[in-house]
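What follows is a single structure, written as structure tokens, with notes after it.
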Amino acid sequence: MQPERRRKVKLREYETIYITKPDLSEQEQNAINERLAKAFKESGAYLLKRQVWGKRKLAYEIKKCSKGVYVSLKYLSGPELINELERLMKIMDGVIRFMTFRVADFVDVEKRLAEQKAEDEREAAEAAARQAEMERQQEQDEEGQDENTSDTEEERVADEEEGETDSGDDDSDGQSDNED
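Take a look at the structure:
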């Protein structure tokens, strides 16, 4: 019954971006993710989206790293979670930098969760459409290569036949018919 009551409360929307060391093993990266997920669960926050942006070059060296793995978290929570996340990230060796932004004040949780679900479905549909288009394009390219190969073969045969008929018309002695 308590989660239902919590949904009626209006929370703030935040985005936290953090950078991890590029040489972390998958196990170490998962440990960071699990610890942050535990903090979300304990605080009753709603994680809207987690995106890994991948390894990127840093603008300047941080903790002897010139590259880092960027991760973005979008979520709904009260301000108490921010303090806990920042405390955790400060003590985690794998996290080299982090920043939290307040995106919106007092968001209707149910409405925002529904919006996020619709956005996720739209993104999934777009990704599926892009994938289908890439596969269709790849099939067309393969068919085009097969046709080009057969066209090239036909052109080669035609050129050979043409070369045989032209060879009889050439003056092979190199002299011209015009003598002045």
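What the sequence shown shows, in the numbering used here, is residues -2 to 177, in sequence order. Each residue gets a CB set at the ideal place from its N, CA and C atoms; glycine is no exception. For clarity, every value in this text was computed on a predicted model and none was experimentally measured.
By the 10 Å Cβ neighbour count, where 16 or more other Cβ atoms means buried, how is Glu10 classified, buried or exposed? When all chains shown are included, Glu10 counts as buried.
Beta-carbon gap between Phe103 and Glu12 smaller than 8 Å: no
Along the chain, which unbroken stretches of the alpha helix (DSSP H) at least 4 residues long are found entirely within the stretch 9 to 91? 23 to 40 and 76 to 88
Taking DSSP as the reference, what is the three-state secondary structure of Ser164? Residue placement at Ser164 cannot be trusted, given a pLDDT of 49 that sits under 50; what the coordinates show is reported in the next sentence. Per DSSP, reduced to three states, the secondary structure at Ser164 is helical.
Suppose you measure from the CA of Phe95 to the CA of Lys71; what does that come to, to the nearest Å? 13 Å
Using the Cβ count rule (16 or more neighbours within 10 Å means buried), how would you classify Ser74? buried
Whole-angstrom C-beta distance between Leu55 and Gly41, which should lie under 8 Å: Not a contact, Cβ separation roughly 34 Å.
Count the other CB atoms within 10 Å of the CB of Ala101; is the residue buried (16 or more) or exposed (fewer)? The residue is exposed, with fewer than 16 neighbouring Cβ atoms inside 10 Å.
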